Amino acid sequence: MNATDTTDMSSTAFSTLIRTASHEQHTEAETSTFMSDLLGGRLGVDAYARYTEQLWFVYEALEADVERLADDPVAGPFLRPELLRRTALARDLAHLRGPGWRATLTALPATQAYAARVAECARRWPAGYVAHHYTRYLGDLSGGQIIRGKAEQTWGFARKGDGVRFYVFEDISNPAAFKRSYRELLDGVRADDLERKRIIAECKRAFALNTGVFRALGEEFPLSA
Ligand code: HEM
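1 is the number of the first residue of the sequence shown in the UniProt record's numbering; add one for each residue after it.
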């Protein structure tokens with residue numbers, strides 16, 4: 001039994017439902033071996049670079065279709081230009097891997113699966129795309145700030161500079177207010193209870209896909225015993 005089974009869908013704000021439903025998986029992602037090792041300063045910058053590479057594929061999938069999705073009544077309102085991450089990621093990767101970064105970039109199978117699911121939603125199911133949008137961008141605006149601080153501290157990147165630009169939202173001066181209005185958008189999503197349940201299930205799937213990437217990265221960067 002989980003929160004969505006026990007909570008009255010119609011009387012609880014959708015943003016609350018979606019957050020509550022993914023709470024357990026959030027903890028799982030946060031405490032995954034790879035994340036704990038990375039944020040605990042136990043891994044080298046190559047592990048951080050490899051993780052950043054994986055993000056490139058995920059944001060390619062999230063952002064490739066934004067012009068078309070902008071006209072969609074469900075997904076359209078979420079597509080705010082100040083969220084877009086590819087330019088920042090390109091700068092971070094150039095810093096981490098050098099100017100030829102694009103030629104050497106490879107997606108782990110778990111990342112391919114994640115990006116493929118995002119792309120599929122973007123093409124065929126805009127409400128499902130919203131679940132992926134929420135999972136990534138609201139997370140980047142929240143826990144992402146903790147990751148940035150740790151990365152600066154551990155690998156010596158300039159504060160909010162090259163290497164951590166992905167976590168810097170230059171055009172969002174008040175992240176708390178931004179998150180509040182984002183949650184209002186979620187609350188206003190025009191979808192019946194069944195479709196809302198599907199969106200919540202897709203959000204859980206998005207978290208599981210992230211955990212899958214962390215698992216694969218953990219295997220690639222085991223801590224030497
Ligand atoms: C070590 C890694 C992480 C840390 C330290 C972390 C930390 C946090 C914190 C402190 C918040 C609450 C912010 C607030 O209430 O305003 C938050 C929210 C959130 N995080 Fe994470 N997080 C991590 C990883 C992740 C991952 C991997 C994802 C998914 C890809 C994620 C997705 C989210 C989402 C969607 C929210 C917004 C919840 C909501 O208010 O609806 N986080 N995170």
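Don't be surprised by glycine CBs; every beta carbon is placed ideally from N, CA and C.
Computed from a predicted model, the values in this text were never measured in an experiment.
- Message: Restricting to runs no shorter than 4 residues, where is the alpha helix (DSSP H) found entirely within the stretch 102 to 134?
- Response: Annotation: the stretch 102 to 134 contains the following complete segments of the alpha helix (DSSP H) (minimum length 4 residues), in chain order: 109 to 124, 126 to 133.
- May I ask you to report which of helix, strand or coil DSSP gives V189? coil
- Message: Among the candidates E82, Y182, R148, whose CA atom is the shortest distance from the CA of G163?
- Response: Nearest of E82, Y182, R148 to G163, Cα basis: R148.
- Are the Cβ atoms of A61 and A116 separated by less than 9 Å? yes
- Would P126 be called buried (16 or more neighbouring beta carbons within 10 Å of its own) or exposed? Answer is buried; the Cβ neighbour count reaches 16.
- Taking all protein chains shown into account, decide if A176 is buried (16 or more other Cβ within 10 angstroms of its Cβ) or exposed. exposed
- Backbone secondary structure at F221 - three-state DSSP: coil
- What's the call for M1, buried or exposed, on a 16-neighbour Cβ count within 10 Å? Confidence at M1 is low in this model, with a pLDDT of 45, below 50, so its placement is unreliable and the value that follows should be read with caution. That one is exposed.
- Task: Report the option in A216, R97, V74 whose CA atom is closest to the CA atom of A122.
- Result: V74
- Query: A88 to F166, Cα distance in whole Å?
  - Reply: 5 Å
- Query: Relative to ligand 1, is the shortest distance from any of its heavy atoms to the C-beta of F207 smaller than 8 Å?
  - Reply: yes
- Message: Measuring alpha carbon to alpha carbon, tell me which residue in T211, G212, G143 is nearest K179.
- Response: G143
- Message: Tell me whether I18, by its Cβ, gets closer than 8 Å to a heavy atom of ligand 1.
- Response: yes
- Task: Taking only the alpha-carbon atoms, compute the straight-line gap between A119 and R198 and give it to the nearest angstrom.
- Result: 17 Å
- Item | Where the alpha helix (DSSP H) containing E60 begins and where it ends | Looking at the DSSP string, the run of the alpha helix (DSSP H) that includes E60 is 45 to 63.
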